[in-house]
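Colleague: Numbering (my numbering), first residue to last: 8 to 106. We treat Cβ as the ideally placed atom computed from N, Cα and C, and that holds for glycine.
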C-alpha cells in the first residue's frame, strides 16, 4: 500500500459525501493531512470525524490538527481563493489537489 505520510491534500467537489468523502477517508488512512471543502459544515465535520477515527498515526507527527473543514461554495471565485488561503495558512504546504 502506498503512503501519503508528510503530504497535504485539499479535496474539493463536495468532500462531505460520496467520492469526495471516500477519498478523504482513504487519504487519512494513508497518512495525509487533509483540507475538506464543501458547502455543508455539519457534513464536513462528520467527514472530519471519520478521518480522525481511521487516520494513520503518522498524520499527527506532521500536524497537530491534520484535518481542516472549510465551508465554501466553489462556484464563487472568491470562495475558491478563500479555501486555498485557509488551507495554506493552516498547513503551510499543498501537495495534492482533488477536484
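Taking the straight line between their C-alpha atoms, what separation do you get for residue 103 and residue 49?
Modeller: As a first step, residue 103 must be located in the chain shown, where it is residue number 96. As a first step, residue 49 must be located in the chain shown, where it is residue number 42. Residue 103 and residue 49: Cα-Cα distance of roughly 24 Å.
Colleague: So what does DSSP say about residue 104, is it helix, strand or coil?
Modeller: Residue 104 sits at position 97 when you count from the first residue of the chain shown. Of the three classes helix, strand and coil, the one that applies to residue 104 here is strand, per DSSP.
Colleague: Flag this pair as yes or no: are the beta carbons of residue 28 and residue 69 separated by less than 8 Å?
Modeller: Walking along the chain shown from the start, residue 28 turns up at place 21. Walking along the chain shown from the start, residue 69 turns up at place 62. No, the Cβ-Cβ distance between residue 28 and residue 69 is not below 8 Å.
Colleague: Taking three-plus beta-carbon pairs below 8 Å as touching, is the region 88-101 in contact with the region 69-78?
Modeller: The region 88-101 vs the region 69-78: in contact.
Colleague: Using a threshold of 8 Å, state whether the C-beta atoms of residue 57 and residue 17 are closer than that.
Modeller: For the purposes of this step, residue 57 is taken as the residue at position 50 of the chain shown. For the purposes of this step, residue 17 is taken as the residue at position 10 of the chain shown. No; because the gap between Cβ atoms is not below 8 Å, this pair is not in contact.
Colleague: With a threshold of 7 Å on Cβ separation, who are the neighbours of residue 86 within its own chain once the five nearest residues in sequence on each side are excluded?
Modeller: Your numbering for residue 86 matches position 79 in the chain shown. The residues are 79 and 80.
Colleague: Does DSSP put residue 26 in a helix, a strand or coil?
Modeller: Position 19 of the chain shown, counted from the start, is the residue given in the question as residue 26. In the structure shown, residue 26 sits in a helix (DSSP, three-state: H, G or I).
Colleague: Can you tell me the Cα-Cα spacing of residue 37 and residue 20, whole angstroms?
Modeller: Numbered from 1 along the chain shown, position 30 holds the residue referred to as residue 37. Numbered from 1 along the chain shown, position 13 holds the residue referred to as residue 20. If you take the alpha carbons of residue 37 and residue 20, they lie about 20 Å apart.
Colleague: Which stretch, first to last residue, makes up the beta strand (DSSP E) that contains residue 75?
Modeller: Working through the chain shown from its first residue, we reach residue 75 at position 68. 74-78 is the span of the beta strand (DSSP E), which, as asked, contains residue 75.
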